[in-house]
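**Student:**
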Amino acid sequence: MLDLRSTLMWRLIALLATGLLAAVIANPMVTLADDGPALATTPRPRARLPLIASSGSGCAATGQSYGTVTPVDPYSGDAATQPDINLAVRGYVATTAYLGLVDYQGNVDLGAPQFPSLFTDNRTPQFSSGAKVYRWDWTCNCRGDPITKWDVTLLGMATSPGEIIRLPVAGYDIGGGYGAMVMYAEETRLTLKYTIEDTPATGYVIYLEHMCTDPNLLALYRQLNAAGRGQLPALYPGQPLGRARGGQIAIAVRDAGSLLDPRSRKDWWQGR
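Using the numbering used here, read the sequence shown as starting at 129 and increasing by one per residue.
(1) Just to check my reading of the structure: Ala354 and Tyr194 have Cβ atoms closer than 8 Å, yes? What is that Cβ distance to the nearest angstrom?
(2) Determine the direct distance from the alpha carbon of Pro274 to that of Gly366, and round the result to whole angstroms.
(3) Using the C-alpha atoms, what's the distance from Asn214 back to Glu314?
(4) Would you call Ser288 buried or exposed, if buried means 16 or more other Cβ atoms sit within 10 Å of its Cβ?
(5) Does the beta-carbon of Arg395 have 16 or more other beta-carbons within 10 angstroms, so that it is buried, or is it exposed?
(6) Note down the Cα distance separating Leu282 from Thr198, rounded to an integer number of angstroms.
(7) Can you name the start and end residues of the alpha helix (DSSP H) that Gln351 belongs to?
(8) Give a yes or no on whether the C-beta atoms belonging to Thr223 and Gly272 are separated by under 7 Å.
(9) Give a yes or no on contact between the region 336–344 and the region 374–384, applying the rule of three or more CB pairs nearer than 8 Å.
(10) Is Lys394 helix, strand or coil by DSSP?
(11) Does the distance from the CB of Arg391 to the CB of Leu238 come in under 7 Å?
(12) Looking at Arg382: is its Cβ nearer than 7 Å to the Cβ of Val310?
(13) Straight-line CA distance for Thr323 to Tyr226?
(14) For Met285 versus Pro244, is the C-beta distance shorter than 7 Å?
(15) Would you kindly work out how many angstroms separate the C-alpha atoms of Cys187 and Val261, rounded to a whole number?
(16) Can you tell me where the beta strand (DSSP E) with Ala286 in it begins and where it stops?
(17) With respect to the alpha helix (DSSP H) encompassing Ala216, which residues constitute its N-terminal and C-terminal limits?
(18) Residue range of the beta strand (DSSP E) that Val310 falls in?
(19) When you compare the CB positions of Val297 and Gln242, do they come within less than 7 Å of one another, or not?
(20) What does the alpha-carbon distance come out to for the pair Ala308 and Leu369?
(21) To the nearest whole angstrom, what separates the beta carbons of Tyr364 and Gly303, a pair I think is in contact under 8 Å?
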């Protein structure tokens, strides 16, 4: 009887060992512990899927489609690194200047871009911040000191996140009823030109910062820029071009190559 019991015990031990070995082979994440429970399970890592945005830029579209114009003398360099085309290359520094409309003496151009038309309600927004854009030193091809001729050269304006932003209306037609062309576009900024010369040295240029550029407009710009800028996106006066990314957008403006004060009542806020 004792021999029978011993035989049964050894068979039971063999069966348990065989089952444990099979479990380890079937699941390599099961490990033998040195102490504690006889079997310890190491959690299997979860797969992480990439986030898929609704558009390449992550910004909601405005429902617009965009045309093109043929620029004069297309820029042949890298627009992203050109400090007069991409304002981010120059950069800017905050200032504590007066945040309100400023009256200057001088001539008035009734065809100048009007900034209230950036907004669907054509409002004069609360001015939320001021900054000075840096000069560019072409001798060393490097950033210089902030521009001091004006107290403000980049003006922040209060917005509601996601509200539609439009092309400021001006009294110029660059062809086909279009009011301006897109010289440069990123997810968060735009450079707009009110003539068809592909240079910021002539005519009015507007820089918009803290934007959520319409993904259709951004995709069109990238396509045309990569193809050599023989065509560039064009916008009708007042056409939506994107949305406010957050609680403010910022605007800078230049005429014939010179950055100006965007608070000027007689120029950009006529009748306000």
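The C-beta atom is built at its ideal place from N, Cα and C for all residues, glycine as well. The structure presented is a predicted model; accordingly, all values stated were derived computationally and were not measured.
**Tutor:** Straight from the coordinates:
(1) So it is not a contact: roughly 16 Å between Cβ atoms.
(2) When rounded, the distance between both Cα atoms is 32 Å.
(3) Between Glu314 and Asn214, the C-alpha separation is close to 9 Å.
(4) With fewer than 16 other Cβ atoms within 10 Å, it is exposed.
(5) Here residue 395 is Asp; the residue named in the question, Arg, does not match the sequence. Here Asp395 is buried: its Cβ has 16 or more other Cβ atoms, across all protein chains shown, within 10 Å.
(6) A direct Cα-Cα distance of roughly 29 Å separates Leu282 from Thr198.
(7) If you look at Gln351, you'll find it in the alpha helix (DSSP H) that goes 343–354.
(8) Cβ atoms of Thr223 and Gly272: not closer than 7 Å.
(9) With the rule of 3 Cβ pairs closer than 8 Å, the region 336–344 counts as touching the region 374–384.
(10) Here Lys394 carries a helix assignment [DSSP, helix/strand/coil].
(11) Not in contact: Arg391 and Leu238 (Cβ atoms no closer than 7 Å).
(12) One thing to note: Arg382 has its Cβ no nearer than 7 Å to the Cβ of Val310.
(13) When the Cα atoms are used, Thr323 and Tyr226 turn out to be separated by approximately 31 Å.
(14) No, Cβ-Cβ distance for Met285 and Pro244 is not below 7 Å.
(15) Those two C-alpha atoms are separated by around 26 Å.
(16) Taken as a continuous stretch (DSSP letters only), the beta strand (DSSP E) holding Ala286 covers 282–286.
(17) Counting along the chain, the unbroken alpha helix (DSSP H) around Ala216 starts and ends at 215–218.
(18) Val310 -> beta strand (DSSP E) spans 308–313.
(19) By the CB criterion at 7 Å, Val297 and Gln242 fall inside the cutoff.
(20) Straight-line Cα distance between these residues: approximately 11 Å.
(21) Wrong, their Cβ atoms sit about 12 Å apart, outside the cutoff.
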